Structure formats: C-alpha cells, structure tokens
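Contents: one structure, followed by commentary.
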Amino acid sequence: MRTQTMDRDWIATARTLSEALPYLQRYAGSVVVVKFGGNAMGDDAAMASFARDIVLMRQVGVNPVVVHGGGPMINEMLAKLGIESRFVRGKRVTDRATVEVVEMILSGLVNKRIVQAINDEGGRAVGLSGKDDDLLVAEADDPELGYVGRPVATRVQVLRDLFGAGIIPVVAPVATGREKNETFNVNGDTAAGAIAGGLKADRLLLLTDVAGVKDAAGDVITELDAARIRAMIEDGTIAGGMIPKAETALAALNEGVRAVVILDGRLPNASLLELFTEYGAGSLIRK
Ligand code: X2W
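Using the working numbering, you'd call the opening residue of the sequence shown number 139 and step up by one each time.
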C-alpha cells in the first residue's frame, strides 16, 4: 500500500536500507549457518519473525542453513509418555525408547514447524535430518549417554545442491552411524558446528537465550579469539550451558568456519542486527 503520511519515520527506514548496502554486498553469496534452539523458539510470533529474517537473508543472496534444537519439545513428549529424562554434562541420556521420541519430535514436529514458518513468509524451505544423504554421520559419544552421537563426518553436498535451487535447508540434529540402521541424538549446537565446519561457512550464528559470552564482571565481550575462549573455559569464567557453545565455536573455527557469533535469539531480528548493521549483536569469536 502506498502512503504519503509521515506517521512514522519513512525517511529513516529508507536510510536504514541504504546503510545496509555494504553489509549486503559483503554477505552476498556467503554461507551462514544459524542454530535455532528450542528455548529461542518461543511463540508463533517469535517463530514468524525468525522465519522472516531467514527469508530476507536468502532474498539478499545469502545461503542460510537452519540447524535446530527442540530440547523442551522432547521433554514435553517424554513426560507425556512417562519416560524419564536425565542430562549428564548438558547432554540427554538417550536409551532406545528415548532416541525414537527424539527422532520423531525433531525430524517431525519441530523440523516441519520451522519449514512451514519459512514457507509462510514466502521462502522455500526443505527439511531434512542428518540421515538424509548421510549429511551427518556420528559415533557413540560416551557409553554413559547411550545413543548420543559425536559427529565424525559430514556430507554437505546435498546442502549445496539445495542452495543452487534457491532452497533453504532446515536440519534436525539426528545423525546416522557408520553401521547399518543406527540412529544418534546429537546436541543441536554440536550438529550446527559440524555442519558449519563441513561447509566452511562464513558465519555460524548460535542463537541462545543469553546476551553472549560474559567476562568475570558479567559484561558481554563483543569480540574475542579462540585462545581467550580456551582460557575462560579453563579458569571457569565460561560455565554451565555456555561450555558446549564455546566448545562448538572452537571446533567450528578449527574446521575452517570464518567466525562464530553467540547472540541472544530473543532480540527482535537478532540475525539481521548481527549481519546487516554496524551494531554487532552478541559475541564474535575468531581464530
Ligand atoms: C538434544 C537435541 C535437541 C537440542 C536433546 O536431546 O535435547 C542431546 O542432548 P536445544 O533446544 O538446542 O537444546 N540432544 C544429545 O539440542 O535442543
């Protein structure tokens, strides 16, 4: 609809678009892997807003890949089925009954919800899991954890094929194994890191529910290198749920990802803020 009322600052809107040009140029043709965690998913409005950001990225020539989690949704279904959940070092202890629920919820319910949200915003999303075309191959991480997988190989050609067709891949963190008929539950951050590594992505965005990596005083560190991350894990400044994210960042940088950003996915348009404005959201980690 056309309007000539200045009921909002249209001139500022136009200026914002103009100022984004250098960033749009910088990221055109790049590969950006976005980890969308279950805690960041929120309500339908938050889902739609996330989907819009992804569609916009694709529209301006970025090749986005969404790798999602869904821990809270798995918890809910396990509770309904009367199966107990236990976490060891941030990972779900996964027996045979649990891995079946994990695959159903992640590859089914959560994956299709995100695919649909992206399509509803005018994008073309296709959902897959690590089993599709052997995208993510894992082996048992730790005998104590059961069917929890540690990624040992990726086969990312299917993602490049989808990019070429203008399609946004949405990946559930369920992996296949080296033996026939194996299924592994992979932590969403770990899966996103492995896929970003396989693609040698330009950016891995880990959308979480905290503002970023914090120093001992509790302030967000906007830019840091791998050595500082390692030191902060060692001295305990990085603790709890930030440990797997920080370790994912280190592994991804090692495999050739250019930079990893840990940022608050609850901020409106968090990924656009990070990619297309001078304001870098969250913590940027480089080698
Ligand atoms: C996770 C997979 C889902 C996930 C789980 O079973 O909950 C392991 O813990 P969020 O929402 O990103 O936490 N897998 C091994 O990572 O979900």
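The beta carbon of each residue, even a glycine, is placed where N, CA and C say it ideally should be. Remember, it's a predicted structure, so these values are computed and weren't measured experimentally.
Query: Would the C-beta of Arg230 count as close to the ligand SAH, meaning under 7 Å from any of its heavy atoms?; Result: Looking for the ligand SAH in the displayed structure turns up nothing; the ligands present are the ligand X2W.
Query: Using a Cβ-based criterion (distance less than 7 Å to any ligand heavy atom), does Pro289 qualify as near the ligand X2W?; Result: no
Query: Between Leu391 and Ala329, how many whole angstroms is the CB-CB distance? I'm expecting something under 8 Å.; Result: With a Cβ gap of about 16 Å, Leu391 and Ala329 do not count as contacting.
Query: Please determine whether the Cβ atom of Gly315 lies at a distance below 7 Å from any heavy atom of the ligand X2W.; Result: no
Query: Just curious, the beta strand (DSSP E) that Glu320 is in, first and last residue?; Result: No beta strand (DSSP E) contains Glu320, which DSSP labels as neither H nor E.
Query: Return yes when at least one heavy atom of the ligand X2W lies under 7 Å from the C-beta of Val309, else no.; Result: no
Query: Comparing the CB of Ile114 with every heavy atom of the ligand X2W, is any distance shorter than 7 Å?; Result: With the chain covering only 139 through 425, there is no way to say anything about residue 114.
Query: Just to confirm, does Gly265 get its C-beta within under 7 Å of one of the non-hydrogen atoms of the ligand X2W?; Result: no
Query: Please name the residue, chosen from Thr141, Met144, Asp147, Tyr165, that lies closest to Ala339 on a Cα-to-Cα basis.; Result: Tyr165
Query: Bridge partners for Ile221 per DSSP, in chain order?; Result: DSSP lists no partner for Ile221.
Query: What separation, rounded to the nearest whole angstrom, lies between the Cα atoms of Ala255 and Leu266?; Result: 15 Å
Query: Tell me Ala387's beta-bridge partners as DSSP assigns them.; Result: Note: Ala387 sits in no beta bridge, so no partner.
Query: Is the stretch 298-312 touching the stretch 367-378 in the sense that three or more CB pairs, one from each, lie closer than 8 Å?; Result: no
Query: Quick one: what's got a C-beta closer than 8 Å to Asp271's C-beta in the same chain, skipping five residues either side?; Result: Arg293, Gln295, Val296
Query: Tell me whether Asn249, by its Cβ, gets closer than 7 Å to a heavy atom of the ligand X2W.; Result: no
Query: Do the CB positions of Val231 and Gly284 come within less than 8 Å of each other?; Result: yes
Query: Grouping DSSP H, G and I as helix and E and B as strand, with all else coil, what is Asn213?; Result: helix
Query: Tell me whether Ala419 sits in a helix, a strand or coil according to DSSP, three-state version.; Result: coil
Query: Taking the continuous beta strand (DSSP E) assigned at Leu344, which residues delimit it?; Result: 341-346
Query: Could you name the residues of the same chain whose beta carbon sits closer than 7 Å to that of Gly260, not counting the 5 residues immediately before and after it, in chain order?; Result: Val193
Query: Report whether the distance from the Cβ of Val348 to the nearest heavy atom of the ligand X2W is below 7 Å.; Result: no
Query: Where do the ends of the alpha helix (DSSP H) carrying Asn249 lie?; Result: 249-258
Query: Mind checking which residues open and close the beta strand (DSSP E) that includes Val309?; Result: 306-310
Query: Give me the Cβ distance between Thr346 and Ile400, rounded to the nearest whole Å; I'm assuming they're in contact under 8 Å.; Result: 6 Å
Query: Phe174 and Gly403 look like a contact to me (Cβ under 8 Å); what is the Cβ gap, rounded to whole Å?; Result: 7 Å
Query: Distance check for Ala387 and Gly331, CA to CA, integer angstroms please.; Result: 7 Å
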